[in-house]
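J.:
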Amino acid sequence: MSSSSSDVSSEVKIIGVLGAGQMGAGIAQVAAQTGYTVLLADVSQERADAGKAGIVKQLGRLVEKGKLTAEARDAVALRITAVVGAAGLAPADLLIEAATENIDLKKKLFRELDQAARPGAILASNTSSISITLLAAATSRPDHVIGMHFMNPVPLMKLVEIIRGLQTADAVYEATVAMARKLGKTTITSKDCPGFLVNRILIPLINEAGFALQEGLGTAEDIDTGAKLGLNHPMGPLELADLIGLDTCLAIADVLHRELGDDKYRAPNILRMHVAAGWHGRKTGRGFYNYASKA
1 MSSSSSDVSS EVKIIGVLGA GQMGAGIAQV AAQTGYTVLL ADVSQERADA
51 GKAGIVKQLG RLVEKGKLTA EARDAVALRI TAVVGAAGLA PADLLIEAAT
101 ENIDLKKKLF RELDQAARPG AILASNTSSI SITLLAAATS RPDHVIGMHF
151 MNPVPLMKLV EIIRGLQTAD AVYEATVAMA RKLGKTTITS KDCPGFLVNR
201 ILIPLINEAG FALQEGLGTA EDIDTGAKLG LNHPMGPLEL ADLIGLDTCL
251 AIADVLHREL GDDKYRAPNI LRMHVAAGWH GRKTGRGFYN YASKA
């Protein structure tokens, strides 16, 4: 379903999110709290419903802390509708793909979004490393495709990295930046190059921390405390990797290493082995730290 850049909606009113996991649910929560009507999709109704239930649970914690009223929580929940697949996002003005960092999967999803979305709708990817130009080329509306890299956790992190593909139209870029700022986010803009801006800087830091741990230069606590107190970082690189997800960090490192050919992006074996063991960080209860023992 093709469209031209001149028919981009001047104002985004309905946001669709494809992927109801940690990132997708976070994006949906922030959008609904801002007042947008949100369609939250996953491969099944059960998974989409679970994503919405997780959002309501997070909002409930804010109510318990006195940061949100019960009425506001209920109003936000009413603005989110759980749907199935890309087809369920058809009414949306801006559709955000929030699946795992897999090129083939994302290209498949973008073809599905292209078929489902109305003319003029913007297709965005929350990818943290994969080429927007490549994803755009999988659609019939490459000028309507853009990158929106939200940081994790989305409700707390203020940054959205906007990535322009080679084909991205000015009107699409302007509408996307305006929407991100309405969400209360600060935006930066990156050219379409592997890793963009944030992960080009972050992944070598996480890798080097992993190599230091692997070589026994210090404990995880030593490495993270050094970064926090010696470099004034709010979190250490190993703590941050656990929060992001070690599987996600490895996927990004592998993309950067393959695409840029520079060994500073080569993942340490300790990261690869943690992922192989299923120790993906906070979301699995164990990563560089054991969160089950801290509970």
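Mapped onto my numbering, the consecutive letters of the sequence shown carry residue numbers 1 to 295.
We put the beta carbon where it would ideally sit given N, CA and C, even for glycine.
Nothing here was measured: the structure is a model prediction, and the numbers come from that model.
1. What does G281 pair with, by DSSP beta-bridge criteria?
2. Express the C-alpha separation of L123 and I162 in angstroms, rounding to a whole number.
3. Under three-state DSSP, which class holds M148?
4. Compare the C-alpha of S44 against each of G85, K65, G24, I15 and name the closest.
5. So the beta strand (DSSP E) V297 belongs to, where does it begin and stop?
6. Run the CB neighbour count on R258, radius 10 Å, all protein chains shown included, and call it buried at 16 or more, exposed below.
7. Less than 7 Å between C-beta atoms, sequence neighbours within five positions excluded: which residues of the same chain meet that for D254?
8. From A72 to A25, what does the alpha carbon distance come to, in whole angstroms?
9. Which runs of the alpha helix (DSSP H) at least 4 residues long sit entirely within the segment 125-211? Give them in chain order.
10. Would you list, in sequence order, the uninterrupted alpha helix (DSSP H) runs of no fewer than 4 residues that lie entirely inside the segment 24-86?
11. Do G210 and I270 have their C-beta atoms closer together than 8 Å?
12. Quick one: is L109 buried, meaning 16 or more other Cβ sit within 10 Å of its Cβ, or exposed?
13. If the criterion is Cβ atoms closer than 8 Å, does the pair V154 and M23 meet it?
14. Looking at the strands, I want to know which residues DSSP matches up with G261.
15. If we ignore side chains and look at the alpha-carbon of each, how far apart do A175 and E97 end up?
16. Alpha carbon to alpha carbon, what distance is there between I201 and K191?
17. Is the CB-CB distance between G147 and S125 below 8 Å?
18. Please return the same chain residues whose Cβ sits closer than 8 Å to the Cβ of Y36, not counting the five positions on each side in sequence.
19. Look at the alpha carbon of L18 and the alpha carbon of V30, and state the distance between them as a whole number of angstroms.
20. If you follow the beta strand (DSSP E) that E239 is part of, which residue opens it and which one closes it?
21. Grab the span of the alpha helix (DSSP H) containing E221 for me, first residue to last.
22. Is it right to say R61 is buried, meaning 16 or more other beta carbons lie within 10 angstroms of its own, or is it exposed?
T.: To lay it out plainly:
1. R286
2. 13 Å
3. strand
4. G85
5. The structure shown has nothing for residue 297, since the chain only spans 1 to 295.
6. exposed
7. A267
8. 18 Å
9. 132-137, 170-182
10. 45-64, 70-78
11. yes
12. buried
13. yes
14. None; G261 has no bridge partner.
15. 17 Å
16. 15 Å
17. yes
18. V12, K13, I14, I15, R79
19. 15 Å
20. Premise fails: E239 lies in the alpha helix (DSSP H), 237-244, not in any beta strand (DSSP E).
21. 220-225
22. exposed
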